[in-house]
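A short write-up of the structure that comes next.
There are 2 protein chains.
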Amino acid sequence: MLQGKATWTFKNPPVIVSTGTVGGPFEEQGNIADDFDLFFSDQWMEEKSFEQAHSHLIEEASTIALKKANVSKDKVNFFLHGDLINQITPTNFAARELKIPYLGLFSACATSMEGLAISSLFVSEGNADYALTGAASHNSAAERQFRYPTEYGSQKPDTSQWTVTGAGMALVAKDGEGPRVTSATIGKVIDEGMTDPFNMGGAMAPAAFDTITQHFNDRNVDETYYDLIITGDLAKYGRLICLDLFSKNQRPIDESKFKDCGLMVYKDDQSVFAGASGPACSAIVTYGHLLKKLMKNEYQRILVVATGALLSPLTVQQKQSIPCIAHAVSIENLS
Amino acid sequence: MLQGKATWTFKNPPVIVSTGTVGGPFEEQGNIADDFDLFFSDQWMEEKSFEQAHSHLIEEASTIALKKANVSKDKVNFFLHGDLINQITPTNFAARELKIPYLGLFSACATSMEGLAISSLFVSEGNADYALTGAASHNSAAERQFRYPTEYGSQKPDTSQWTVTGAGMALVAKDGEGPRVTSATIGKVIDEGMTDPFNMGGAMAPAAFDTITQHFNDRNVDETYYDLIITGDLAKYGRLICLDLFSKNQRPIDESKFKDCGLMVYKDDQSVFAGASGPACSAIVTYGHLLKKLMKNEYQRILVVATGALLSPLTVQQKQSIPCIAHAVSIENLS
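Chains as they are written, first to last, in this note's numbering: chain A, 622 to 956; chain B, 622 to 956.
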């Protein structure tokens with residue numbers, strides 16, 4: 622049901638019946654390693670290119686999610702997924718192996734929640750029995766596409782972020798055991814004129830603020846409704862800017878319940894500059910770490926706000942500013 | 622409602638209340654020029670780059686569709702759109718100007734029907750009052766990204782296709798005057814191992830065959846149900862291969878009602894090799910030419926099967942085959 626301008630509330634909140642989360646060797650050394658299902662020991666994943674390794678991540682996360690739920694591929698109606706690589710080819714090739722009807726998505730690092738929002742709508746109203754959805758990224762594939770090949774050793778500023786190598790997948794169904802998706806707010810593009818591609822957290826903060834505010838207004842709730850409001854990958858500086866925006870707009874948010882996926886993946890002694898990023902970032906934190914906390918009743922209601930910087934190397938070369946977006950999905954334990 | 626494996630049939634079929642179609646100078650010389658709303662006199666559209674011109678096309682098509690329906694932007698809940706450019710940045714920048722909650726899509730030249738399918742589902746069940754959806758491409762932006770800059774004058778084989786410069790947009794609503802969207806079938810990725818990026822029609826033909834067959838099976842209809850079955854951009858050779866596949870599988874389709882958008886945009890004396898392509902191809906033919914024919918009662922029931930080649934320059938360099946997809950949407954006059 623449409624509630625307000627841009628929010629769906631689900632009369633029959635669908636269940637996340639299982640998840641699959643995979644990562645690379647650097648993620649295995651990280652902060653939430655216990656919450657992953659599988660790690661690969663190098664960036665190649667026994668493939669010939671980083672991009673094919675990227676596909677492999679998506680296939681593995683899918684296989685794990687399906688296996689855990691004991692649901693075969695042919696029972697799944699739709700696969701909704703995206704990544705950062707040009708023409709989202711890693712996703713396309715994974716979809717070829719999955720053989721599930723496929724809807725390609727792109728909203729950069731906000732893709733995870735774009736997919737969960739749409740999947741939940743499908744399932745909630747009987748338009749899918751099962752939908753498989755997620756997002757993925759691969760550090761080496763992203764580095765050479767967006768910046769420079771890692772071998773060049775180019776220097777980065779402190780505001781830059783580290784693209785997660787991984788894939789996070791959720792299997793959404795009408796019934797079953799697990800936390801339920803209760804609502805979703807689709808964001809609009811916000812562009813405050815920032816042009817520095819090495820400060821995407823800062824660029825995305827106003828989009829997160831806009832979507833969370835829209836969500837509160839549409840659902841007629843405030844921050845007290847949630848145990849946790851977690852942004853996608855604003856990282857160190859973006860999170861502070863976002864908190865600032867809430868304060869300045871007379872809607873202060875309790876800092877202790879306002880977290881960021883980009884600050885949770887790696888340990889403090891891993892050199893990731895301002896924090897983690899990439900479509901996999903919010904996907905693996907949500908479908909690995911946060912789902913487990915919901916299932917252990919450490920949280921009852923969370924709002925995941927995946928954030929995306931919708932730029933490209935070409936738009937940076939053409940000196941355009943960075944359009945940003947955020948999509949918010951609420952996940953709750955319902956009795 | 623889910624019908625069969627991968628098809629939605631809409632209990633409350635949404636209406637395409639208005640459309641907007643824009644093109645460039647080459648399209649103005651074409652075969653269906655009378656069906657466009659607006660042409661630009663050059664490839665630059667008064668912008669500084671082809672990519673910004675590409676955004677301009679999307680914004681203009683949106684403005685026209687909204688104006689025709691007398692619906693303001695703030696009444697539209699969702700904008701669902703995509704294009705071929707890396708990270709779909711022309712769409713992202715257009716979404717910034719539109720300020721409508723935005724879901725980015727990518728299925729290459731099948732994007733038009735991915736968007737119409739999802740938009741129709743949203744509207745049909747009350748999850749959107751209005752959804753604006755479409756697809757766009759820009760010949761010069763696509764050429765320099767996927768092939769070589771036009772100025773190089775590189776030679777092409779007869780099986781290659783010509784990327785349409787244009788944008789086609791539809792405004793989907795619950796009620797109103799106009800043809801209605803009655804069902805949609807989401808395709809899965811089909812890859813028959815073809816590797817020639819200059820024969821994408823041939824590569825995509827099996828995907829079109831697969832989706833149309835799935836559609837017939839799911840809805841329990843055959844070709845006689847439709848006045849017209851029209852593929853996205855198989856062009857001259859792909860269309861013949863697709864017809865062949867139907868014959869060989871004992872489901873022959875009457876050639877006279879099996880058309881292709883890629884064969885309708887340009888005149889015979891325009892040098893476009895095997896025909897037109899690009900996400901705009903099926904979008905402008907459907908929302909310009911075909912909608913008018915439905916409204917004039919020349920057709921009552923059509924099935925639009927947009928086809929997409931999900932490759933990239935990188936996957937071609939890495940010697941991968943071409944994964945392809947097709948999404949089918951039925952549009953009908955209901956009394």
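From the three backbone atoms N, C-alpha and C, an ideal C-beta is built for every residue, glycine too.
All values reported here derive from a predicted model rather than from experimental measurement.
Report yes if the CB atom of residue i is closer than 9 angstroms to the CB atom of residue j, and no otherwise.
i, j, result
"residue 866(A)", "residue 826(A)", "yes"
"residue 908(A)", "residue 706(A)", "no"
"residue 897(A)", "residue 915(A)", "no"
"residue 904(B)", "residue 782(B)", "no"
"residue 899(B)", "residue 881(B)", "no"
"residue 953(B)", "residue 800(B)", "yes"
"residue 847(B)", "residue 924(B)", "yes"
"residue 746(A)", "residue 870(B)", "no"
"residue 844(B)", "residue 878(B)", "yes"
"residue 644(A)", "residue 651(A)", "yes"
"residue 874(A)", "residue 864(A)", "yes"
"residue 737(B)", "residue 629(B)", "no"
"residue 739(B)", "residue 704(B)", "no"
"residue 664(B)", "residue 839(B)", "no"
"residue 941(B)", "residue 714(A)", "yes"
Taking 6 angstroms as the limit between beta carbons, can you name the residues of its chain near residue i, skipping five residues before and five after?
i, result
"residue 697(A)", "721, 751 and 753"
"residue 627(B)", "806, 807 and 835"
"residue 675(B)", "711, 759 and 762"
"residue 813(B)", "827"
"residue 951(B)", "803, 804 and 924"
"residue 666(B)", "674 and 677"
"residue 821(B)", "930"
"residue 906(B)", "882 and 885"
Cutting at 7 angstroms between CB atoms, please list the residues of its own chain near residue i, excluding the five before and the five after it.
i, result
"residue 828(B)", "808, 811, 928, 945, 946 and 947"
"residue 833(B)", "850, 926 and 949"
"residue 955(A)", "634 and 801"
"residue 902(B)", "730, 785, 853, 854, 882, 883 and 886"
"residue 823(B)", "780, 815, 858, 859 and 862"
"residue 735(B)", "726, 728 and 948"
If you drop the 5 nearest sequence neighbours on each side, which residues of the same chain put their C-beta closer than 8 angstroms to that of residue i?
i, result
"residue 775(A)", "768 and 769"
"residue 622(A)", "629, 630, 631 and 632"
"residue 876(B)", "864"
"residue 795(B)", "633, 635, 636, 744, 745, 747 and 750"
"residue 765(A)", "671 and 771"
Closest to residue i by CA distance: which of the options is it?
i, options, result
"residue 837(B)", "816(B), 804(B), 657(B) and 800(B)", "804(B)"
"residue 683(B)", "670(B), 669(B) and 700(B)", "700(B)"
"residue 709(A)", "940(B), 723(B), 729(B) and 742(B)", "729(B)"
"residue 889(B)", "857(B), 870(B) and 723(B)", "857(B)"
"residue 689(B)", "852(B), 798(B) and 875(B)", "798(B)"
"residue 763(B)", "756(B), 785(B) and 745(B)", "785(B)"
"residue 755(A)", "656(A), 622(A) and 725(A)", "725(A)"
"residue 686(B)", "941(B), 659(B), 622(B) and 919(B)", "659(B)"
"residue 733(B)", "771(B), 872(B), 674(B) and 926(B)", "926(B)"
"residue 657(A)", "713(A), 954(A) and 887(A)", "887(A)"
"residue 723(A)", "702(A), 739(A), 912(A) and 738(A)", "702(A)"
"residue 744(A)", "632(A), 873(A) and 719(A)", "632(A)"
"residue 818(B)", "780(B), 742(B), 794(B) and 795(B)", "780(B)"
"residue 671(A)", "943(B), 939(B) and 951(B)", "939(B)"
"residue 872(B)", "831(B), 765(B) and 663(B)", "831(B)"
"residue 717(B)", "694(B), 727(B) and 735(B)", "694(B)"
"residue 719(B)", "681(B), 739(B), 735(B) and 740(B)", "681(B)"
"residue 653(B)", "937(B), 841(B), 868(B) and 891(B)", "891(B)"
"residue 936(B)", "669(A), 647(A) and 655(A)", "669(A)"
"residue 691(B)", "639(B), 646(B), 648(B) and 662(B)", "639(B)"
"residue 913(A)", "773(A), 655(A) and 661(A)", "655(A)"
message: My parser needs the beta strand (DSSP E) runs of 3 or more residues fully inside the region 841-919 of chain A; what are they?
response: 849-852 and 879-881
task: Please go through the region 739-773 of chain A and give each complete beta strand (DSSP E) segment of 3 or more residues, from N-terminal end onward.
output: 751-758
field: Contact the region 930-939 of chain A vs the region 774-793 of chain A: 3+ CB pairs below 8 angstroms
entry: no
message: Closer than 8 angstroms between beta carbons: that is the criterion. Which residues of the region 623-640 of chain A meet it against chain C?
response: Absent from the structure is chain C; the protein chains it does hold are A and B.
message: Report the start-end ranges of each alpha helix (DSSP H) in the region 639-669 of chain B that is 4 residues or longer and not cut off at the edges.
response: 646-649
- prompt: Which ranges would you report for the beta strand (DSSP E) in the region 707-736 of chain A if only whole runs of at least 3 residues count?
  reply: 723-725
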